[in-house]
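Numbering (our numbering), first residue to last: 70 to 217. Ideal Cβ positions, reconstructed from N, Cα and C, are used throughout, including at glycine.
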Amino acid sequence: MNDKNNDIHHYDDIIHLPHHVSSVHPPMPVSDRAAQFAPFAALTGHGEAIKETARLTDKRVELDENAKAILDEKLRMVQEMLSQQPEITVTYFQPDEKKAGGRYVSASGNVKKIDLYHHLIVMTDGLRIPLDEVYEIEGDIFGSADYV
């Protein structure tokens, strides 16, 4: 039985032919030839998606009626002193743009105006804080009044 797969002389007729060189296509540079064997990222963006999922956010705290009344009183005091551009520190909730939740941020500065139409506190540096997101307001203008 003559098995052609095991015959060492199977390719004797072509083994010594010259290497084919295309007359139409230029030879590929060695760097490009190597690139075709380089690994590729089959799951592009998967690592970033995992990091985003693992990123923690805070839940928004719902204020009780007493805390809302205190905030309203402080906002009224700030409104009365707008001509002096009082300096306050506002802690507010900043919703996350990519997932549920967010984080609490504190910003200090002078108040330019309280925009009741758009429900914003506008600071002199241009920061706009949504009134619905305000958690706490502090400042020397409130004196030693006990709001707690």
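Span separating the alpha-carbon of residue i from that of residue j
| i | j | result |
| --- | --- | --- |
| I198 | L112 | 39 Å |
| E142 | I157 | 14 Å |
| L125 | P164 | 12 Å |
| Y80 | P87 | 14 Å |
| M146 | H115 | 50 Å |
| I206 | E166 | 24 Å |
| V183 | A176 | Reading off the sequence, residue 183 comes out as Ile, not Val. The alpha-carbon atoms of I183 and A176 are separated by roughly 15 Å. |
| T84 | A123 | The question names Thr, but residue 84 in the sequence shown is Ile. So the two alpha carbons sit approximately 59 Å from each other. |
| N121 | S92 | Here residue 121 turns out to be Glu, not Asn, going by the sequence shown. The alpha-carbon atoms of E121 and S92 are separated by roughly 52 Å. |
| D215 | L196 | Low confidence applies to D215: its pLDDT is 49, below 50, so where it sits in the model is not reliable, and the reading given next is rough at best. Cα-Cα distance, rounded: 28 Å. |
| Y186 | E117 | 39 Å |
| V217 | A136 | Caution is warranted here: a pLDDT of 47 is assigned to V217, below 50, making its placement in the model unreliable, and the coordinate value is therefore given only provisionally. In a straight line, the C-alpha of V217 is about 8 Å away from that of A136. |
| S100 | P108 | 14 Å |
| A103 | D82 | 31 Å |
| F106 | H94 | 21 Å |
| E134 | G212 | 23 Å |
| P98 | N75 | 36 Å |
Same chain, Cβ closer than 8 Å to residue i, neighbours up to 5 away in sequence not counted
| i | result |
| --- | --- |
| Y204 | V130, L132, T160, Y161, F162 and Y173 |
| I77 | none |
| G171 | T126, D127, R129, F162, Q163, P164 and D165 |
Own chain, CB closer than 7 Å to residue i, minus 5 neighbours either side, in chain order
| i | result |
| --- | --- |
| H89 | none |
| L200 | H188, L189 and I190 |
| M150 | I210 |
| Q154 | N179, V180, K181 and T193 |
| G208 | P155, E156, I157 and T158 |
Residue i versus the options, residue with shortest Cα-Cα distance
| i | options | result |
| --- | --- | --- |
| K168 | I119, D82, P98 and P96 | I119 |
| V180 | Y186, G170 and S152 | S152 |
Contacting residues, own chain, Cβ-Cβ under 6 Å from residue i (five flanking each side not counted)
| i | result |
| --- | --- |
| D194 | G178 |
| E202 | Y161 and F162 |
Threshold first: 4 residues or longer. Then list the alpha helix (DSSP H) segments lying entirely within the region 76 to 125, N to C. 99 to 104 and 115 to 123
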